[in-house]
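Colleague: I have a structure here, written as C-alpha cells, and I will follow up with some questions on it.
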Amino acid sequence: SMLPKLADSANHRHLHNLVRAVFPHVDTERHGAITQEDFHATLLNYCPEKEDLADQLFELFDLDGNGSIDIEELVATVSSVLRADAISTTFSAVVASSQPRIRTNPPIPVALRMTNSEGVS
Numbered sequence: 197s198m199l200p201k202l203a204d205s206a207n208h209r210h211l212h213n214l215v216r217a218v219f220p221h222v223d224t225e226r227h228g229a230i231t232q233e234d235f236h237a238t239l240l241n242y243c244p245e246k247e248d249l250a251d252q253l254f255e256l257f258d259l260d261g262n263g264s265i266d267i268e269e270l271v272a273t274v275s276s277v278l279r280a281d282a283i284s285t286t287f288s289a290v291v292a293s294s295q296p297r298i299r300t301n302p303p304i305p306v307a308l309r310m311t312n313s314e315g316v317s
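Taking this note's numbering, the leading residue of the sequence shown gets 197, the next gets one more, and so forth.
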C-alpha cells in the first residue's frame, strides 16, 4: 500500500532535518563534510569510551569511501542503524512472546524423593 511509503518518506524527511541541525556541530571546519578529525573529536567529546572504535565507526559512516561523511551518508547510516534497532527490538519481542513459560514448582521434599531401596520403609 501507499501508506508505509508515505510514512517512510516523512520519517526520512524528519531524520534529514535532524541530521541537518546536528551536522554543523560536527563539521567544525564548515566544508560541508565531516572529516575524520571532526568525527574523532566529536566521538571523543560525547563517547570517550568508544575512542578505540573511531576509525571503524568512521568507515561505517563513510559509505563512498572518500574520506569524509556528507549529510546524505550520515542520514543513510543513521536511518539504517535505527531500522536495524527497530527490527532487533521487534524480533526480540516476538521471540520473547513465543517462548514457553517455565513453571517453577516448589522443590520435592527429600523424604518423598527417596525410594524404598534407599532405606525408607
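Glycine included, C-beta positions come from ideal geometry on N, C-alpha and C.
Using a Cβ-Cβ cut-off of 6 Å (strictly less than) and excluding sequence neighbours within five positions of His208, which residues of its own chain qualify?
Modeller: On the sequence shown, position 12 is the one that residue 208 refers to. None.
Colleague: On the three-state DSSP scale, how would you describe Ser197?
Modeller: Translated into the one-based positions of the sequence shown, residue 197 becomes position 1. For Ser197, the pLDDT reaches just 42, beneath the cut-off of 50, and the residue's location in the model is therefore unreliable, although a value from the coordinates is still provided. Here Ser197 sits in coil by DSSP.
Colleague: Three-state secondary structure (DSSP) at Thr231?
Modeller: Taking the first residue of the sequence shown as 1, we reach residue 231 at position 35. Here Thr231 sits in strand by DSSP.
Colleague: CB-CB under 6 Å to Thr231, same chain, minus the five flanking residues each way: which ones, in chain order?
Modeller: Counting from 1 along the sequence shown, the entry for residue 231 is found at position 35. Excluding positions up to five away in sequence, the list reads Ser264.
Colleague: When the Cα atoms are used, what is the spatial distance from Gly261 to Leu211?
Modeller: Translated into positions along the sequence shown, residue 261 becomes position 65. Translated into positions along the sequence shown, residue 211 becomes position 15. Near 22 Å, if we compare the C-alpha coordinates of Leu211 and Gly261.
Colleague: Between which two residues does the alpha helix (DSSP H) holding Leu270 run?
Modeller: Here the question's residue 270 lines up with position 74 in the sequence shown. Leu270 -> alpha helix (DSSP H) spans Ile267 to Ser294.
Colleague: To the nearest angstrom, how far is the alpha carbon of Pro220 from that of Ala289?
Modeller: Position 24 of the sequence shown holds residue 220. Position 93 of the sequence shown holds residue 289. C-alpha separation (whole angstroms): 37 Å.
Colleague: If we call anything under 7 Å between Cβ atoms a contact, is Glu247 one with Leu240?
Modeller: As a first step, residue 247 must be located in the sequence shown, where it is residue number 51. As a first step, residue 240 must be located in the sequence shown, where it is residue number 44. In this structure, Leu240 lies closer than 7 Å to Glu247 by Cβ.
Colleague: For Val222, I'd like the list of residues in its chain whose CB is within less than 8 Å of its CB, leaving aside the five on either flank, ordered along the chain.
Modeller: Position 26 of the sequence shown holds residue 222. Taken in chain order, the residues that qualify are Ile230, Asp234, Phe235 and Thr238.
Colleague: For Ala250 and Asp258, what's the separation of their Cα atoms in angstroms?
Modeller: Here the question's residue 250 lines up with position 54 in the sequence shown. Here the question's residue 258 lines up with position 62 in the sequence shown. Distance between the alpha carbons of Ala250 and Asp258 is about 12 Å.
Colleague: By alpha-carbon positions, which one of Val291, His227, Val271 and Ser276 ends up nearest to Asn213?
Modeller: Your numbering for residue 213 matches position 17 in the sequence shown. Residue Val271 is the option with its Cα nearest to Asn213.
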